[in-house]
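7 is the number of the first residue of the sequence shown in the working numbering; add one for each residue after it.
All residues carry an ideal CB built from backbone N, CA and C; glycine is no exception.
Being a predicted model, the structure only gives us computed values, none of them experimental.
Note sheet for the following structure.
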Amino acid sequence: ETTLKFSVLAGDYIGPEVMRSALRVLEKVAAQEGLKLDYSEHAVGGCAIDAHGTALPEATLTACEAADAILFGSVGGPKWESLPPKEQPERAALLPLRKHFTLFANIRPGLLYPELREASPLKNERIPEGIDIVCIRELTGGIYFGQPKRTTLLNGGTDVESVDTMIYRKSEIERITEVAITAARSRKRRLCSVDKANVLETSVLWRKTVSDYVAANAPDIELSHMLVDNAAMQLVRDPGQFDVFVTENMFGDILSDEMAVICGSLGMLSSASLGARKNTLGLPYGLYEPAGGTAPDIAGKGIANPCAQILSGALMLRYSFGLEDAATRIERAVREVVASGTRTGDIAFGRTAVGTEQMTEKILGAL
Ligand code: NAD
Ligand code: IPM
Ligand code: MN
């Protein structure tokens with residue numbers, strides 16, 4: 007009997023609401039497939055600040071160290087926005103977790119089922135077959151982590167200066183390119199690298215490194231380059247032109263939210279964050295989380311879309327536990343339920359919306 011050992015970090019606002027759904031789905035799949043779930047829940051983010059005085063308690067990190075994967079919810083929100091910026095949940099818990107486990111590759115599947123086309127803000131004639139794009143976002147470099155990062159008072163306090171630093175090394179670009187090549191090889195072998203090489207030094211290095219690396223190691227891949235402003239525009243103009251795109255940390259953050267909404271809703275976008283580290287099964291250690299945040303505007307109402315969290319659980323089964331069939335079954339069940347018209351408010355568009363609980367029940371039923 008295979009044991010799935012993972013730690014559950016639900017976080018804040020809708021985090022615990024959608025995590026409950028994901029765990030129910032995983033429990034059901036495990037029962038069906040004869041798998042044993044061995045997970046424990048740990049405090050992270052704002053609720054960890056409230057309970058333990060720190061967004062990433064030592065015990066949480068220790069539990070993640072001992073696990074084969076992390077299933078993550080979302081952290082942060084208005085309740086902690088008055089804290090010093092460095093102590094807020096996003097910067098004190100999520101970013102350190104990504105860095106600690108060197109989770110440099112963030113995979114975000116932008117999938118719009120044809121049955122959900124009406125939920126896309128794009129005109130349906132632009133997306134006759136739905137949308138199927140993969141965003142590969144570099145996750146541990148760039149302007150998120152570069153030093154110096156500081157705020158200083160100037161002129162005796164009459165002015166203020168803040169600095170963030172965007173840094174990339176060739177080696178960091180090569181390793182994310184490798185992940186993008188692997189993703190492209192499992193699909194249409196078309197890779198678009200997105201940068202700002204007309205302005206940024208890091209982007210000049212990015213473009214040259216991706217070009218050289220693909221030329222030397224993946225001549226079977228059709229590589230193109232696009233400036234990020236154009237990419238933002240092309241995504242809404244004609245998403246069908248993209249297969250896999252790879253980009254640096256902040257561009258990927260922004261473009262993936264855009265990708266999410268043209269695919270129906272941020273509440274549908276799952277993600278896998280992987281690195282070089284292997285788990286005890288010899289498979290990639292990973293952190294799996296919805297791309298969206300804690301949605302404070304809808305938290306506590308029982309109406310959040312649980313699909314991104316459920317699908318993140320499926321990605322965990324696929325990448326960190328090698329359970330392709332179980333992952334596919336979850337993905338099929340989600341698609342079937344959405345296609346049948348059972349939908350939370352964010353994707354309902356004129357239909358009667360169901361709540362998180364009812365959506366989850368339907369998905370459990372479809373498994
Ligand atoms: P958000 O992603 O939380 O919400 C943006 C919009 O999308 C909101 O209208 C929200 O209701 C909607 N939405 C998001 N997920 C949804 C779901 N599952 N179902 C239905 N609707 C959904 O972004 P925000 O409002 O800018 O950020 C809120 C907080 O979340 C901030 O503190 C931010 O830093 C944090 N955040 C955390 C993560 C993370 O932990 N991974 C990711 C993004 C944002
Ligand atoms: C995401 C989020 C995070 C990011 C925040 C919460 C730090 O927006 O995962 O997309 O910017 O990476
Ligand atoms: Mn984001």
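Contact set for residue i: own chain, Cβ-Cβ below 8 Å, skip 5 residues either direction
{"i": "S271", "result": "A125, N311, D352 and I353"}
{"i": "R446", "result": "Since the first and last residues shown for the chain are 7 and 373, residue 446 lies out of range."}
{"i": "Q240", "result": "M232, Q247 and F248"}
{"i": "T215", "result": "K176, I179, E180 and T183"}
{"i": "L211", "result": "Y174, K176 and I179"}
{"i": "E337", "result": "L317 and A320"}
{"i": "E7", "result": "G40, L41 and K42"}
{"i": "L287", "result": "D74, S326, F327 and G328"}
{"i": "A238", "result": "I260, L261 and E264"}
8 Å contact criterion, which residue i and residue j should meet: CB distance rounded
{"i": "I316", "j": "S27", "result": "6 Å"}
{"i": "G59", "j": "L15", "result": "That pair is no contact at about 17 Å."}
{"i": "G258", "j": "E144", "result": "7 Å"}
{"i": "R156", "j": "V166", "result": "The Cβ separation is near 11 Å, so there is no contact."}
{"i": "A388", "j": "G273", "result": "With the chain covering only 7 through 373, there is no way to say anything about residue 388."}
{"i": "I268", "j": "P115", "result": "Not really, about 13 Å apart at Cβ, beyond 8 Å."}
{"i": "A297", "j": "L275", "result": "4 Å"}
{"i": "A61", "j": "A54", "result": "5 Å"}
{"i": "A69", "j": "S88", "result": "With 8 Å as the limit, A69 and S88 do not qualify as a contact, their Cβ atoms being about 29 Å apart."}
{"i": "A359", "j": "T350", "result": "6 Å"}
{"i": "A49", "j": "A57", "result": "6 Å"}
{"i": "R30", "j": "T366", "result": "6 Å"}
{"i": "R123", "j": "D244", "result": "Going by Cβ atoms, the distance from R123 to D244 rounds to 15 Å, so no, they are not a contact pair."}
{"i": "L160", "j": "L293", "result": "Actually they are not in contact, since the Cβ atoms of L160 and L293 sit about 38 Å apart, beyond 8 Å."}
{"i": "N255", "j": "I149", "result": "7 Å"}
For residue i, the three-state DSSP class (helix, strand or coil)
{"i": "D74", "result": "coil"}
{"i": "R335", "result": "helix"}
{"i": "E167", "result": "strand"}
{"i": "I133", "result": "coil"}
{"i": "M232", "result": "strand"}
{"i": "P22", "result": "helix"}
{"i": "F396", "result": "The structure shown has nothing for residue 396, since the chain only spans 7 to 373."}
{"i": "Q315", "result": "helix"}
{"i": "C141", "result": "strand"}
{"i": "E303", "result": "One detail in the question is off: residue 303 reads as Asp in this sequence, not Glu. Three-state DSSP puts D303 in coil, outside helix and strand."}
{"i": "Q153", "result": "strand"}
{"i": "E47", "result": "strand"}
{"i": "L160", "result": "strand"}
{"i": "S80", "result": "strand"}
{"i": "N112", "result": "strand"}
{"i": "D201", "result": "strand"}
{"i": "R191", "result": "helix"}
{"i": "F257", "result": "helix"}
{"i": "V267", "result": "helix"}
{"i": "A359", "result": "strand"}
{"i": "Y119", "result": "coil"}
{"i": "G281", "result": "strand"}
{"i": "R3", "result": "This structure cannot settle anything about residue 3, because the visible part of the chain is limited to 7 through 373."}
{"i": "A16", "result": "strand"}
{"i": "R376", "result": "In this structure the chain extends from 7 to 373, so residue 376 is not present and cannot be described."}
{"i": "G328", "result": "coil"}
{"i": "L89", "result": "coil"}
{"i": "G52", "result": "helix"}
{"i": "Y291", "result": "strand"}
{"i": "L373", "result": "coil"}
{"i": "T407", "result": "An answer regarding residue 407 cannot be provided, because it is not within the stretch 7 to 373 covered by the chain."}
Close-in-space but distant-in-sequence residues of the same chain around residue i (CB under 7 Å, 5 per side omitted)
{"i": "D138", "result": "L117"}
{"i": "G82", "result": "D18, G51, G52, Q94, P95, E96, G299 and T300"}
{"i": "L329", "result": "L323"}
{"i": "N285", "result": "D74, A75, Y291 and S326"}
{"i": "P120", "result": "E135 and G136"}
{"i": "P22", "result": "A16 and G79"}
Spatial neighbours of residue i in its chain, beta-carbon cut-off 6 Å, leaving aside the 5 residues before and after
{"i": "L197", "result": "A186, A190, I227, L229 and V250"}
{"i": "Y219", "result": "E180 and T183"}
{"i": "S199", "result": "V216, H231 and V252"}
{"i": "D370", "result": "Sequence inspection shows Leu at residue 370; the Asp mentioned does not correspond to that position. The residues are K34."}
{"i": "A382", "result": "This structure does not reach residue 382, given that the chain is present from 7 up to 373, and the question cannot be answered."}
{"i": "L67", "result": "none"}
{"i": "K368", "result": "V343 and T348"}
{"i": "P84", "result": "P302"}
{"i": "T158", "result": "E167"}
{"i": "L373", "result": "K34 and A339"}
{"i": "A224", "result": "I187"}
{"i": "F355", "result": "E124 and A125"}
The ligand HEM heavy atom lying under 6 Å from the CB of residue i
{"i": "L241", "result": "In the structure on display, the ligand HEM does not appear, and the ligands it does have are the ligand NAD, the ligand IPM and the ligand MN."}
Open item on the list: If contact is defined by three or more beta carbon pairs under 8 Å, each pair taking one atom from either stretch, is the segment 178 to 196 in contact with the segment 132 to 149?
Closed with: yes
Task: Neighbouring residues (CB closer than 5 Å to any heavy atom of the ligand IPM) - done: E96 and D259
TODO: Determine, using beta-carbon pairs with one atom in the segment 99 to 113 and one in the segment 35 to 46, whether at least three such pairs fall under 8 Å.
DONE: no
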